[in-house]
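Student:
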Amino acid sequence: MSMRTSENSERLLVPVNGQMAPQYQNSIYCEAATIIISVLSICAIVAFVLSALILYCVFPTEEVPESSTCKKRVVGYYTGWESMKIKREQLSKLTHVIFAYVEMSSNGTLKFRSKVSRRRFSDLRYKVKMNNSKTKIMFSIGGSENSNYFPEVVADSEKRRRFINSILDFLDVYQINGVDISWAWPKKEDKWNYVNFLKELRQELSTFEYILSIKVPPVNVGDWEMNYEMEEILDHVDFINAFTMDYYGAWGDEWGTPTGPSSPLYSGIGTRKTFNVDWTMKYYVCRTKRPEKFNIAIPFYGTLWRNVEDPINPDYEIWRNVELKDNKPEGKAYMSRLDMANDGWKVTPAYWDHVTNSSYIWDPNERTFLAFESDRSIEAKTNYVNEMGLGGVWIWAVDMDDERNSLLNTVISNGLCAKESDGTIKYKC
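So the sequence shown is numbered by the numbering used here: it starts at 2 and just counts up by one.
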């Protein structure tokens, strides 16, 4: 390029006596427009690439199926403390997702347990909304660590009203679908206070078509079931999650022995002969005549015992004595699939107990025993729900599954969703 041409090129963008030279105006306008269009095109490309990267980071290469159209309830609890975040693919397979827990104070007001808990709730809510999911989102109050204030709150009319208003405010502020009451567990003197509380809460929730669910305890474990007026309660709740798990566990006391499945479908041993899903569900269904109202538990966690000894009965390998130290076992009561993998556990191959319909791994050299739900045990439970005409299942907890959602995929792939419960009593009451 010659010097003159360079000078002329520079002058294209320089005013002459405050105005553009007339001979250059059309050329200038075209060139300026070209530059602007080029810049905008580059910005658009950059924005597209950045958006794609953001979407990839938030929702990595995950094909999202349609929202669940299951004819049974598939209720998944999502905790405020586990490390794994819920995925859109999981949400699409749940009819209800329940955040556990929002904490109740002694005066009946509600709060998140921690900043982490609040963030996990916000993440859950965001994903449900962004996915335009049909999944109903709820929150739970109570649990084993935050049920101590229930008796005084439901017994006091002022605190009860404040508690109900706090629930309504939470539902309104966060625009979610319902509340789950996980009181563990009412005593005899709480029986009618609980009924009255649920009645008043139902009246308020019905105005906005909010969902109300509760948990009920396992039967014959602590006689807790005697403290529920089930017929009255059923008039006020949409569904009930029966606590058909934690029958055996590596608890930090003498109850930590023997080994056994957390959620045996049938059978038991010794004083725990009736510690199983079938016994609990037969009691509740025969008492209420409403099988479609009840969901059974499917625990997604495993339980590990160490220092395990011989079987209590040589005919049943699954129930083994455990050596206690300081009156408690060594092990882990709750292990997510991620925890199990990090500790080097592989869940296949596994032993199968045909009496309880449960899977386990027994290592005689290390004296370790791991109980967990497998494809086979989950299939047994979903078949049971269909055969007995129950309402569905509830999962503790979806964030304890593995990265591939293996357990949740098994839950919905065994015909659970194909048939709605017709209310027929299948138990011999």
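Built from N, CA and C at the ideal position, the CB exists for glycine as well.
Who are the near neighbours of residue 440 in its chain, counting only those whose CB is closer than 8 Å to its CB and skipping five residues on each side?
Tutor: Residue 440 falls outside the range modelled here, since the chain spans only 2 to 430, and no answer is possible.
Student: Quick check on the DSSP output: what are the complete beta strand (DSSP E) runs of length 3 or more inside the segment 117–198, in order along the chain?
Tutor: As for any beta strand (DSSP E) of minimum length 3 sitting wholly inside the segment 117–198, the runs are 137–143 and 179–183, ordered along the chain.
Student: Would you give the residue range spanned by the alpha helix (DSSP H) that residue 225 belongs to?
Tutor: For this step, residue 225 is matched to residue 224 along the sequence shown. Segment: none, residue 225 is in no alpha helix (DSSP H) and carries neither H nor E.
Student: Compare the Cα-Cα distances from residue 274 to each of 235, 357 and 172 and report the closest residue.
Tutor: Here the question's residue 274 lines up with position 273 in the sequence shown. Nearest option by C-alpha distance: 357.
Student: If we ignore side chains and look at the alpha-carbon of each, how far apart do residue 333 and residue 249 end up?
Tutor: The sequence position of residue 333 within the sequence shown is 332, counting from 1. The sequence position of residue 249 within the sequence shown is 248, counting from 1. Going from the Cα of residue 333 to the Cα of residue 249 covers about 12 Å.
Student: As a quick exercise: from 201, 210, 192 and 202, pick the residue whose alpha carbon is nearest that of residue 226.
Tutor: Within the sequence shown, numbered from 1, the residue matching residue 226 stands at position 225. Of the candidates 201, 210, 192 and 202, the residue whose Cα lies closest to the Cα of residue 226 is 192.
Student: What did DSSP end up calling residue 75 once you bin it into helix, strand or coil?
Tutor: Here residue 75 refers to the residue found at position 74 of the sequence shown. In the structure shown, residue 75 sits in a strand (DSSP, three-state: E or B).
Student: When DSSP labels each residue in this structure, what does residue 289 get in the three-state scheme?
Tutor: As a position in the sequence shown, residue 289 is number 288, starting the count at 1. In this structure, residue 289 counts as helix in the three-state DSSP scheme.
Student: Suppose only complete runs of 3+ residues qualify. What are the beta strand (DSSP E) ranges in the segment 282–370, listed by chain order?
Tutor: Counting only runs of 3 or more, we get 295–300, 303–306, 309–314, 317–323, 332–336, 352–354 and 359–364.
Student: Any idea which residues DSSP pairs residue 214 with across the strands?
Tutor: On the sequence shown, residue 214 is found 213 positions in, with the first residue counted as 1. 181 and 240.
Student: By alpha-carbon positions, which one of 112, 360 and 428 ends up nearest to residue 284?
Tutor: Residue numbering aside, residue 284 sits at position 283 when the sequence shown is read from its first letter. When only C-alpha atoms are compared, the closest one is 428.
Student: Three-state secondary structure (DSSP) at residue 200?
Tutor: The count along the sequence shown starts at 1 and reaches residue 200 at position 199. In the structure shown, residue 200 sits in a helix (DSSP, three-state: H, G or I).
Student: If we call anything under 7 Å between Cβ atoms a contact, is residue 241 one with residue 295?
Tutor: Working through the sequence shown from its first residue, we reach residue 241 at position 240. Working through the sequence shown from its first residue, we reach residue 295 at position 294. Going by C-beta atoms, residue 241 is nearer than 7 Å to residue 295.
Student: Beta strand (DSSP E) containing residue 98: first to last residue?
Tutor: Within the sequence shown, residue 98 is the residue found at index 97, counting from 1. 97–105 is the extent of the beta strand (DSSP E) around residue 98.
Student: Taking a contact to mean a Cβ-Cβ separation below 7 Å, would you say residue 359 touches residue 292 in this structure?
Tutor: Here residue 359 corresponds to residue number 358 of the sequence shown, with the count starting at 1. Here residue 292 corresponds to residue number 291 of the sequence shown, with the count starting at 1. No, Cβ-Cβ distance for residue 359 and residue 292 is not below 7 Å.
Student: Applying the 10 Å Cβ sphere with the 16-neighbour rule, what's the burial state of residue 63?
Tutor: Here residue 63 corresponds to residue number 62 of the sequence shown, with the count starting at 1. Low local confidence applies: a pLDDT of 39 at residue 63 is under 50, so the model's placement there is unreliable, and no value is given.
Student: Taking the alpha-carbon of residue 307 as reference, which of 387, 321 and 290 has the nearest alpha-carbon?
Tutor: Residue 307 sits at position 306 when you count from the first residue of the sequence shown. Considering only alpha carbons, the answer is 321.
Student: If we call anything under 7 Å between Cβ atoms a contact, is residue 254 one with residue 213?
Tutor: Looking up residue 254 in the sequence shown gives position 253. Looking up residue 213 in the sequence shown gives position 212. Cβ atoms of residue 254 and residue 213: not closer than 7 Å.
Student: Spatial neighbours of residue 351 within its chain, please: C-beta separation below 7 Å, excluding the five flanking residues on both sides.
Tutor: The residue labelled residue 351 in the question sits at position 350 within the sequence shown. 360, 361, 362 and 375, listed in sequence order.
Student: Taking the alpha carbon of residue 115 as the reference point, which residue from 83, 133, 91 and 131 has its own alpha carbon closest?
Tutor: Sequence index remark: in the sequence shown, residue 115 carries index 114 (1-based). Out of 83, 133, 91 and 131, 83 has the C-alpha closest to the C-alpha of residue 115.
Student: Is it buried or exposed for residue 130, if we count other Cβ within 10 angstroms and need 16 for buried?
Tutor: Along the sequence shown, one-based indexing puts residue 130 at 129. Answer is exposed; the Cβ neighbour count stays below 16.
Student: Contact defined as beta carbons within less than 8 Å: I believe residue 189 pairs with residue 392. What is the distance between those atoms, to the nearest angstrom?
Tutor: Looking up residue 189 in the sequence shown gives position 188. Looking up residue 392 in the sequence shown gives position 391. In fact, because the Cβ distance is near 28 Å, the residues do not count as touching under 8 Å.
Student: What is the DSSP secondary structure of residue 61, reduced to helix, strand or coil?
Tutor: By 1-based counting over the sequence shown, the position of residue 61 is 60. Here the model assigns residue 61 a pLDDT of 42, short of 50, so the residue's position is not dependable and the matter cannot be decided.
Student: Measure from the alpha carbon of residue 111 to the alpha carbon of each residue in 279, 200, 385 and 182, then state which is nearest.
Tutor: Here the question's residue 111 lines up with position 110 in the sequence shown. For residue 111, the nearest C-alpha among the options comes from 182.
Student: At which residues does the alpha helix (DSSP H) containing residue 391 begin and terminate?
Tutor: Position 390 of the sequence shown, counting from 1, holds the residue named residue 391. Residue 391 -> no alpha helix (DSSP H), and no H or E assigned at all.
Student: Just the Cα atoms here: how many angstroms apart are residue 380 and residue 414?
Tutor: Locating residue 380 in the sequence shown gives position 379, counting from the first residue. Locating residue 414 in the sequence shown gives position 413, counting from the first residue. Approximately 9 Å between the Cα atoms of the pair.
Student: Can you check whether the CB of residue 246 is closer than 7 Å to the CB of residue 303?
Tutor: Reading the sequence shown from its first residue, position 302 is the one you call residue 303. Reading the sequence shown from its first residue, position 245 is the one you call residue 246. No, these two residues do not count as a Cβ contact at 7 Å.
Student: Apply the 10 Å Cβ neighbour rule to residue 127 and answer buried if 16 or more other Cβ atoms are within range, or exposed otherwise.
Tutor: Taking the first residue of the sequence shown as position 1, residue 127 is located at position 126. Counting every other CB atom within 10 Å of its CB across the protein chains shown gives residue 127 a total below 16, marking it as exposed.
Student: Assuming residue 408 is part of the beta strand (DSSP E), what are its boundary residues?
Tutor: Position 407 of the sequence shown holds residue 408. Where residue 408 is concerned, there is no enclosing beta strand (DSSP E), although the alpha helix (DSSP H) it sits in stretches over 407–413.
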